[in-house]
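Asker: The sequence shown lines up with residues -20 to -1, 1 to 482 when you count with mature numbering (1 follows the signal peptide of the UniProt record, and there is no 0).
The C-beta atom is built at its ideal place from N, Cα and C for all residues, glycine as well.
Predicted model, so just to flag it, every value in this text is computed and none were measured.
This is the structure I want to talk about, given as structure tokens.
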Amino acid sequence: MLRGMAAGGMLLSASGLLHAAPQPRRGGTLTIATQSSSNADTLDPAKGALSTDYLRAHMFYSGLTSLDAHLAPQNMLAEDIATDDAIAWTIRLRKGVQFHDGKPLTSADVVYSLNRHNDPAVASKVRSVAQQFESVRASGPLTVVITLKGANADLPVILATSHFVIVQDGASNFTTANGTGAFVCKEFTPGVRTIGVRNPRYWKPGLPHLDQVSLFGIPDESARINALLSGDVHWVNEVNPRSTKRIKSEPGYQVLESQGGLYTDLVIRQTVGLGRNPDFTLGMKYLIDREQMKRAAFRGYAVVANDQPIPPSSRFHFAGLPQRPYDPERARYHLRRAGALDLTLPVVASVAATGSVDMGMLLQQSAQKAGLKLALKRVSADGYWSKHWMKSPIGFGNVNARPSADMLFTQFFKSDAPWNESGWNNPQFDQLLLLARAETDEAKRKQLYADMQVLVHEKCGVGIPLFINNLEGYSTKVKGVSSHPLGAFMGYTCPEHVWLDA
């Protein structure tokens, strides 16, 4: 019988799960600069698309669960989660939790928060995930029953992601944030900055340590590093491997390296032009010199991938998939069959997609050896995700790690997924996704996920050269820092856990 996570499963102490001694110090303002900032910045967790959105969601709101450094779910607003069949789940909420406006948390808030993802008007980024909810209803003031359309043992993991944090019942105006998180929104200007101050009503004793967090974007990496080393900011993400030596050489600064499932992928839209031809997709994948990209673009801070999105660190990674080599002759064969060799094809890249400019230049050089002309078109980071990503026939994406294989496949590879980057449509894959989600036998589930990785490797218009080690720079004045496999800023939850030294 499957059981849930009791209150004792919550491992966060007053000093936080993710750090230990020395003794935390209270006070101060933590300043964070990220690589992304635009008018599309949002306080609506359902619409979160980039790392800054995930940070805001975890600052101002709380989830029913959270993920520890091993990606295991721990209770948050949920005091207990129980199920007998992985279909019907009963969630008992923590007592005494208040929103920033003083209203007590009730089951109505949870029901509203989860159900709004299935409202088309909300345009939730995780609607494809939430569609597995058959019903979400209150069975008492602090009890919620979630019934799924099919079994999914990963529900507590899903509920830990930033999109599924809890908003107040009826919330529709997200010009500010009214959550139960560790910080209260003091200022939010999309594309400019976000300021949060300590929540005096926070339900975790002793947290947060900081008085205030200031968050803003500096898209240019060199400017971001300069801001760090000049003392203007405490913490930056998306550090270019070339900058690591400079940061390490400066007293009082460190590089934080995390391994996980982050990747920048070559995206070939399979709904337009040459992308409709399977030979073209295959030919482009054979042009990827993975070892060269690892060495030249990422200075070794990466793990070679194989056009499969599940990283080697996952228990569901299919290691038996033969490695696709860099093979210009085989690429030429497929590209000739696709009628591509006499054309000049634009490839769109931007610093917004980590490493894509360097990867694009290396791909351009590799293509020449196969007789293909690629014209690298470098575009601004501002507006890249709204104007170019999933719109350019050939371009790059950048996918943050997901806590489960099901979430990654559902959000990025299911035929009707909102972030189906290549626009591929594969009914066999969709069916395997449903079967794997409902399978409670670990070995059988692993085989289903292996079959899905083979399909992506062979047929999807996405080339995944590497899994990129996440690199961040921070001042050693920031204490309690540790790596997290979900991504930057300790899985986007650092404001709650870190503190500043005197």
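What are the start and end residues of the beta strand (DSSP E) that includes residue 123?
Answerer: 123 to 128
Asker: Would you mind stating whether residue 45 and residue 56 have Cβ atoms separated by less than 7 Å?
Answerer: yes
Asker: Quick one: which unbroken alpha helix (DSSP H) runs of 4-plus residues sit fully inside the segment 159 to 243? Chain order, please.
Answerer: 201 to 209 and 224 to 229
Asker: Check whether the Cβ atoms of residue 281 and residue 221 sit closer than 7 Å, and answer yes or no.
Answerer: yes
Asker: Should the segment 355 to 372 be regarded as contacting the segment 415 to 424, the criterion being three or more beta carbon pairs within less than 8 Å?
Answerer: Of all C-beta pairs linking the segment 355 to 372 to the segment 415 to 424, fewer than three are shorter than 8 Å, placing the two stretches out of contact.
Asker: Name the one or two DSSP bridge partners that residue 376 has.
Answerer: Beta-bridge partners of residue 376 (DSSP): 246.
Asker: Can you name, in chain order, every residue of its own chain whose Cβ lies under 7 Å from the Cβ of residue -2, other than the five neighbours on each side?
Answerer: Residue placement at residue -2 is poorly supported in this model, since its pLDDT is 46, which falls under 50; the coordinates still yield a value, given next. Taken in chain order, the residues that qualify are 460, 462 and 477.
Asker: Under a three-way DSSP split, which group does residue 365 fall into?
Answerer: Here residue 365 sits in helix by DSSP.
Asker: Under the DSSP definition of a beta bridge, which residues are partnered with residue 14?
Answerer: 197
Asker: Closer than 7 Å by C-beta to residue 42: which residues in its own chain qualify, once you throw out the five before and the five after it? Chain order, please.
Answerer: The residues are 56, 57, 145, 146, 159, 160 and 161.
Asker: Who are the near neighbours of residue 205 in its chain, counting only those whose CB is closer than 6 Å to its CB and skipping five residues on each side?
Answerer: 223
Asker: Alpha carbon to alpha carbon, how far is residue 121 from residue 237? Give it in angstroms, no decimals.
Answerer: Straight-line Cα distance between these residues: approximately 43 Å.
Asker: Just list the alpha helix (DSSP H) runs in the segment 407 to 471, keeping only unbroken ones of 4 residues or longer that don't cross its boundaries, in chain order.
Answerer: 407 to 418 and 422 to 439
Asker: Rounded to the nearest angstrom, what separates residue 242 and residue 215 at their Cα positions?
Answerer: Spanning the two alpha carbons is a distance of roughly 19 Å.
Asker: Among all the DSSP beta bridges, which residues are the ones paired with residue 61?
Answerer: Answer is 71, bridged to residue 61.
Asker: Quick one: residues in its chain with C-beta nearer than 7 Å to the C-beta of residue 274, no 5 flanking neighbours on either side, listed in chain order?
Answerer: 280, 282, 284 and 446
Asker: Less than 7 Å between the C-beta atoms of residue 267 and residue 333, yes or no?
Answerer: no
Asker: Taking the straight line between their C-alpha atoms, what separation do you get for residue 168 and residue 116?
Answerer: 31 Å
Asker: Have a look at residue 381 and residue 448 and give me their C-alpha separation to the nearest angstrom.
Answerer: Taking the straight line joining both Cα atoms gives about 10 Å.
Asker: Suppose the cutoff is 7 Å on Cβ atoms and the five residues either side in sequence are ignored; what does the same chain contact list for residue 410 look like?
Answerer: These residues qualify, in order along the chain: 394 and 395.
Asker: Tell me which residue opens and which closes the alpha helix (DSSP H) that residue 260 is part of.
Answerer: 258 to 266 is the span of the alpha helix (DSSP H), which, as asked, contains residue 260.
Asker: Closer than 8 Å by C-beta to residue 436: which residues in its own chain qualify, once you throw out the five before and the five after it? Chain order, please.
Answerer: 287, 288, 289, 393, 409 and 442
Asker: Determine the closest residue to residue 59 out of 184, 99 and 92, with distance taken between C-alpha atoms.
Answerer: For residue 59, the closest of 184, 99 and 92 by C-alpha to C-alpha distance is 184.
Asker: For residue 13, which of 316, 455, 481 and 343 has the nearest alpha-carbon?
Answerer: 455
Asker: What number of angstroms, rounded off, separates the C-alpha of residue 226 from the C-alpha of residue 132?
Answerer: C-alpha of residue 226 to C-alpha of residue 132: approximately 46 Å in a straight line.
Asker: Taking residue 51 as the reference, which of 171, 263 and 138 has the closest Cα?
Answerer: 138
Asker: Skipping 5 residues on each side, what residues in its chain have a beta carbon closer than 8 Å to that of residue 83?
Answerer: Shown here for residue 83: same chain residues with a beta carbon closer than 8 Å to its own, the five before and five after excluded, namely 148 in chain order.
Asker: Determine the DSSP secondary structure at residue 478, reduced to helix, strand or coil.
Answerer: coil
Asker: What residue range does the beta strand (DSSP E) around residue 349 cover?
Answerer: Segment 336 to 349 is the alpha helix (DSSP H) holding residue 349; no beta strand (DSSP E) there.
Asker: Is it buried or exposed for residue 254, if we count other Cβ within 10 angstroms and need 16 for buried?
Answerer: buried
Asker: Out of 309, 164 and 26, state which residue places its alpha-carbon closest to the alpha-carbon of residue 109.
Answerer: Looking only at 309, 164 and 26, the smallest Cα-Cα distance to residue 109 is reached by 26.
Asker: If I follow the unbroken alpha helix (DSSP H) through residue 31, where does it start and stop?
Answerer: Here the alpha helix (DSSP H) through residue 31 covers 31 to 40.
Asker: Could you give the residue range of the alpha helix (DSSP H) that holds residue 108?
Answerer: 107 to 110
Asker: Locate the beta strand (DSSP E) running through residue 54, then write down its first and last residues.
Answerer: Secondary structure note for residue 54: its beta strand (DSSP E) is the uninterrupted segment 53 to 55.
Asker: For residue 348, count the other beta carbons within 10 Å of its own beta carbon; 16 or more makes it buried, fewer makes it exposed. Which is it?
Answerer: exposed
Asker: Would you give the residue range spanned by the alpha helix (DSSP H) that residue 309 belongs to?
Answerer: 308 to 317
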